[in-house]
Amino acid sequence: MKKVLITGANGLLGQYLVKLLLEKNYVVIATGKGDQRLSQNESPLFTYYDIDVIEGFSLHEVLKHETPDVVVHAAAMTQIDDCELQPEQCERVNVQGTAQVLLDAEAFCKHFIYISTDFVFDGVKGNYNETDDCNPVSFYGFTKLQSESMVEMSEMPWTIVRTCLVYGNVVGGTRSNIVSWVKNSLTEGNKIKVVSDQVRTPTFVEDLACGIELIINKTAEGFYHLAGKDILTPYEMAIATAEHFGLNKDLIEKVDASVFTQPAKRPPKTGLDITKARTELGYEPMGFSEALNKLKI
Ligand SMILES: NC(=O)c1ccc[n+]([C@@H]2O[C@H](COP(=O)([O-])OP(=O)(O)OC[C@H]3O[C@@H](n4cnc5c(N)ncnc54)[C@H](OP(=O)(O)O)[C@@H]3O)[C@@H](O)[C@H]2O)c1
C-alpha cells in the first residue's frame with residue numbers, strides 16, 4: 001500500500017484525509033504545525049511529525065527519512081482576511097512554504113498533490129472548469145495561484161486539486177465552517193447576516209477526502225476540480241442548515257455582500273464544474289442536504 005505524507009494534517013481536510021487513508025490501509029505520515037490534534041494516533045500505520053512548512057530543514061529530514069510515495073500539500077494560511085492584512089506572512093506560508101515542500105518532494109517522493117481553491121478565479125463567470133482562466137481578486141487567491149504555477153512547472157508527477165467552501169464536523173480544534181457557524185449561532189439565539197449574492201458549490205469534507213484518495217490510488221495527474229454537486233448561495237446553505245437542525249430560520253437575515261466591510265474581496269460567483277473528476281475518477285459527491293445528515297455538529 002502507498003505511503004502518503006500530508007501537510008496541514010491538523011486542519012479540516014487533513015483530519016478527514018488521515019482518517020480515510022488509514023481506513024483504507026495506507027501508511028500515513030501526518031505533519032502539522034505544533035502538537036497533533038488527530039484522533040487516529042493509535043494506528044500502527046500512523047506517524048506524526050511537528051513540521052512548520054516554512055522551516056525547511058525538518059521537512060527535508062522527514063521526507064528523506066520516510067520517502068513517501070505521495071505528498072499531499074494541504075497546509076496553508078487559509079483565513080482570507082488575515083492573508084489580506086498580513087501579506088508577508090501569507091506569502092511565506094502559501095508560496096515559500098509550497099516551494100519548500102515541492103523541492104523536497106521532488107527529491108524524495110513520486111507524486112505531489114497540491115490543494116488549491118476556487119478563489120483563483122474572479123467570480124464573474126461561475127461554474128469554473130479546469131481550463132478556465134484564473135484571475136484572483138484576493139491576496140490569498142493570488143498566493144494559491146502562484147503556488148499552482150510552481151507546481152505546474154515541476155517535472156515530477158503532480159496534481160492540482162481545486163476545491164470550494166469546505167464544510168464538515170469540527171474535529172480536533174479545526175476552525176468553524178459555514179454549517180458549524182450557522183448551527184452554533186442559531187443554537188445560541190444569535191441573529192446572523194448571510195449573503196445571497198454569492199454562489200458556491202459547497203464541498204463536504206468527506207467527499208473531498210474521497211476524491212483525493214481516488215487521485216492517489218489512480219496516480220491521476222493534472223488539474224481536478226473536487227467540489228459538491230449543488231450550486232448554492234451562502235443564504236440558501238444557511239436556510240437548509242437551520243431546517244435540517246430544526247433551528248429558527250427567522251434569525252437569518254438575507255443580505256448583499258456590500259453590507260460587509262471585509263479586508264479581502266470575495267469572488268461573487270464561483271462554483272466548480274466537477275465533470276472531469278466524475279468522468280475520469282468516478283468522483284460522486286453528496287448533495288448538501290444528504291451531507292447534512294452525516295454531520296454531528
Ligand atoms: N476550507 C475551505 O473552504 C477551502 C476552500 C478551498 C481550498 N482550501 C484549501 O484546502 C487546504 C486545506 O484547508 P483546510 O480547509 O483544511 O484549512 P485549515 O483547517 O485552515 O487547515 C490548514 C492547516 O494548515 C496548517 N498550517 C498553517 N500554516 C502552517 C505552517 N506554516 N506549517 C504547517 N502547517 C501550517 C494549519 O495549522 P493550524 O491548525 O495549527 O493553524 C491548519 O491545520 C488549504 O490548502 C486551503 O487553501 C480550503
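Per full-length UniProt numbering: the sequence shown = residues 1 to 297.
The C-beta atom is built at its ideal place from N, Cα and C for all residues, glycine as well.
All figures in this text were calculated on a predicted structure; none of them were measured in a lab.
Following the DSSP letters along the chain, one finds Leu38 in no beta strand (DSSP E), marked with neither H nor E. Taking every protein chain shown into account, the CB of Ala76 has 16 or more other CB atoms within 10 angstroms, so this residue is buried. DSSP links Trp158 through a beta bridge to Phe112. Look at the beta carbons and you see the stretch 127 to 137 not touching the stretch 70 to 85: under three pairs across the two are nearer than 8 Å. For the alpha helix (DSSP H) assignment, the uninterrupted runs of no fewer than 4 residues enclosed by the stretch 199 to 226 are, from N- to C-terminal side, 205 to 218. Short note on Met77: C-beta closer than 7 Å to some heavy atom of ligand 1. Each residue's CA atom was taken as its position, placing Lys254 and Tyr235 some 6 Å apart. Separation of the CB atoms of Val70 and Gln100 is rounded to 17 Å, and the pair is thereby denied contact status at 8 Å. Secondary structure remark: continuous beta strand (DSSP E) runs of at least 3 residues inside the stretch 5 to 40, in chain order: 27 to 32.
Under the rule that a run must span 3 or more residues, the beta strand (DSSP E) segments found entirely inside the stretch 115 to 203 read 158 to 163 and 192 to 195.
In this structure, ligand 1 has no non-hydrogen atom nearer than 7 Å to the beta-carbon of Val259. Beta-carbon to beta-carbon, Gly271 and Ile231 are separated by about 5 Å, close enough to satisfy the 8 Å threshold. For Lys269, the beta-bridge partners assigned by DSSP are Val199. If you draw a straight line from the Cα of Gly287 to the Cα of Phe121, it is about 23 Å long.
Distance from the CA of Ile178 to the CA of Leu165, rounded to the nearest whole angstrom, comes to 8 Å. Between Lys269 and Val124, the C-beta spacing is below 8 Å. With contacts defined as CB atoms closer than 8 Å, Arg162 and His225 qualify as a contacting pair.
In this structure, DSSP gives Glu253 an extended state, which the three-state scheme calls strand.
Between Met156 and Pro202, the C-beta gap is not smaller than 8 Å, which leaves the two residues out of contact. In the DSSP assignment, the residues bridged to His73 are Thr7 and Tyr114. In the DSSP assignment, Thr47 falls within the unbroken beta strand (DSSP E) covering Phe46 to Asp50. At a cut-off of 7 Å, the beta-carbon of Asn10 counts as near ligand 1: some heavy atom of the ligand is closer than that. His60 has its alpha-carbon roughly 44 Å from the corresponding atom of Asp197.
According to the DSSP secondary-structure assignment, Leu232 is paired through a beta bridge with Arg200. Its chain contains Lys144, Glu148, Ile160 and Arg162 as the residues whose beta carbon lies nearer than 6 Å to that of Ser116, once the 5 sequence neighbours on both sides are disregarded; these appear in chain order.
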